[in-house]
Structure formats: C-alpha cells, structure tokens
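Engineer: Each residue of the sequence shown is one higher than the last, beginning at 15 in our numbering.
All C-beta atoms in this analysis are idealised placements derived from N, C-alpha and C, irrespective of residue type, glycine included.
Note that the structure is a prediction, hence the values are computed from the model and not measured.
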Amino acid sequence: MNIILLGPPGAGKGTQAQILVEARGMTQLSTGDMLREAKDSGTEMGQIVADVMARGDLVTDDIVIGLIREKLASDSGAGFIFDGFPRTLAQADALADLLSDVGQTLDAVIEMRVDDEALVKRITARSTCGGCGAVYNDITKPWPEDGKCANCGSTEVKRRSDDNEDSLKQRLMEYYKKTSPLIGYYHAKGTLKSIDGLGEIDEVKARITGALDG
Ligand code: AP5
Ligand code: MG
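#1: Spell out the partners DSSP gives residue 97 in its beta bridges.
#2: What did DSSP end up calling residue 107 once you bin it into helix, strand or coil?
#3: When every heavy atom of ligand 2 is checked, does at least one fall within less than 8 Å of the C-beta of residue 211?
#4: Just list the residues that DSSP pairs residue 171 with in beta bridges.
#5: Cα separation between residue 218 and residue 43?
#6: On the criterion of 16 or more Cβ atoms from any shown chain inside 10 Å, does residue 187 qualify as buried, or is it exposed?
#7: Give the DSSP-derived three-state secondary structure of residue 153 in the structure shown.
#8: Hey, is residue 189 close to ligand 1, as in C-beta under 8 Å from one of its heavy atoms?
#9: Can you tell which of 69, 122, 90 has its C-alpha closest to the C-alpha of residue 35?
#10: What does the alpha-carbon distance come out to for the pair residue 69 and residue 179?
#11: What did DSSP end up calling residue 219 once you bin it into helix, strand or coil?
#12: By how many angstroms is the C-alpha of residue 131 removed from the C-alpha of residue 182?
#13: What does the Cβ neighbour count give for residue 203, buried or exposed, with the cut at 16 atoms within 10 Å?
#14: Assess, as a yes-or-no matter, whether the segment 72-79 is touched by the segment 95-112 under the definition of 3 or more beta carbon pairs within less than 8 Å.
#15: Alpha carbon to alpha carbon, what distance is there between residue 66 and residue 150?
#16: With a threshold of 8 Å (Cβ to nearest heavy atom), would residue 149 be considered close to ligand 2?
#17: Please state if the CB of residue 170 and the CB of residue 145 are separated by a distance shorter than 9 Å.
#18: Does at least one heavy atom of ligand 1 sit under 8 Å from the Cβ of residue 111?
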C-alpha cells in the first residue's frame, strides 16, 4: 500500500509516518528529512536549498522529484509513505508517472486537518533526536527523564532552524497557496480521505487506521 500524508507544517505527518513504519513495516519517504540530510552533509544541493528552507519557501520541483525518483527504485517493504511530498500539482503529476513507471499505484491520500493555532503551538515546542530523527514535543511528547531517546538512546536534542515564527508564517502561506490545491486534485481522483488531526497522537493514529483499513 502506497500512501501520502498531506497536511500543513506541524500537522503530525512525521509523527504518524513513524508510527506506520513501526506498526506495518512501511517505508517513510520524507523530502524534508532528505533535504535536511543534504544540508547537514554539506553537499552542493544541500547548500543550494539551505536558504530556501530557512525562509520557509518551497524547494524547486526538480530537486524534490529527483530525490523521490532515486528512492522509488529501492524496496518499499509494505509500501511507501510519502511525507511532505507532493507539495505542488507538478509534483503530484510527477509522482503518478514515477509510480506507474515502477508498476505501482497510489492507494490513499490522508489529509490531516489541524487549525493554525494548534500548528504554531506544536511547532514551537518540537524537538527531534539527532541520532534517529524521532520526533518529540516539550508539551505533548517530552524527552524521557533520563535524557536518552526512547528509540535509539542518543542524547542529542535538535531543534529545526525553520521552526521560528517568521519561517513558520511563510511555510503556512506556501501550504495554503501551493499545496492545499492537492486536496481537490486527489478528491477528484477518488483517493482522498480527510481526518481530524487534532487530539492525542493515539487518537489520530486510530483515525488513520480507520481511513486505511475501513
Ligand atoms: P518538512 O520537513 O516536510 O516540514 P513541514 O511540512 O513544514 O512539516 P513538519 O515536518 O514541520 O510537520 P509534521 O507534519 O511532520 O509534524 P510533526 O509530526 O513533526 O519540510 C521542511 C521544508 O523542506 C519545507 O518548508 C520546504 O522548504 C522543504 N520541502 C520539503 N518537502 C518539499 C517538497 N516536496 N517540495 C518543496 N519543498 C519541500 O509534529 C509536529 C510537532 O507536533 C511535534 O513536536 C510532535 O511531537 C507534535 N505532535 C504530533 N502529533 C500531535 C498530536 N496529535 N497532538 C499534539 N502534538 C502532536
Ligand atoms: Mg515532518
């Protein structure tokens, strides 16, 4: 089963993708994570995207489509979870072509609906593990008291450079202008399932399970 998690910054795409990886053996493809990796390792592409990401703008379609193309050649386990991709209509069309090239289909698009006020609260309290990328939150999912990541034991706490008020405003604007049209696009294709992304992480998980299996 190949699925897209679609939603604004802070909707919980990464959090729920990690849960699906654990529960179902699926493979998470997060273009945001791939771009941050390129940035941290100082590749030429990483240097090109660093300023764009820090501002909260979208990286060019060519770059992210190239990243996804490379990954689609690998084994997906129980299927791919596209997290933060596609984000434009051009990316959505490219994904359809890429999947069809490898004889695969897109089974569901889960739209996670969360209001702006909750998004800001979530993002400003977020941290991630420097060892494995596990997502934490100062309020709703704090680090274990021993300071070690529950997943990998690392003690490195990271905060994203685009998790500040100005970049977040721009990320939200980009979402509403360029990504939200995908809701209509996938509705028309019959693959869209919208869920309420507010509430406890486990409640959202149950709604996604219902949407995928129901
Ligand atoms: P990306 O990394 O994809 O960031 P984003 O879309 O802004 O989304 P986030 O990762 O911020 O949020 P999330 O939905 O994953 O939420 P999370 O689970 O962490 O992209 C970053 C940048 O890269 C873009 O701005 C762009 O520049 C570039 N980029 C990436 N992909 C691109 C593409 N395809 N095209 C062009 N450019 C691209 O949760 C957030 C917080 O909330 C966490 O602390 C979490 O613990 C907490 N939380 C989660 N669920 C709940 C819950 N139910 N209740 C309470 N708290 C919760
Ligand atoms: Mg994310």
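Structural biologist: According to the data block:
#1: 19, 44
#2: helix
#3: no
#4: 143
#5: 20 Å
#6: exposed
#7: coil
#8: yes
#9: 90
#10: 11 Å
#11: helix
#12: 12 Å
#13: exposed
#14: yes
#15: 25 Å
#16: yes
#17: yes
#18: no
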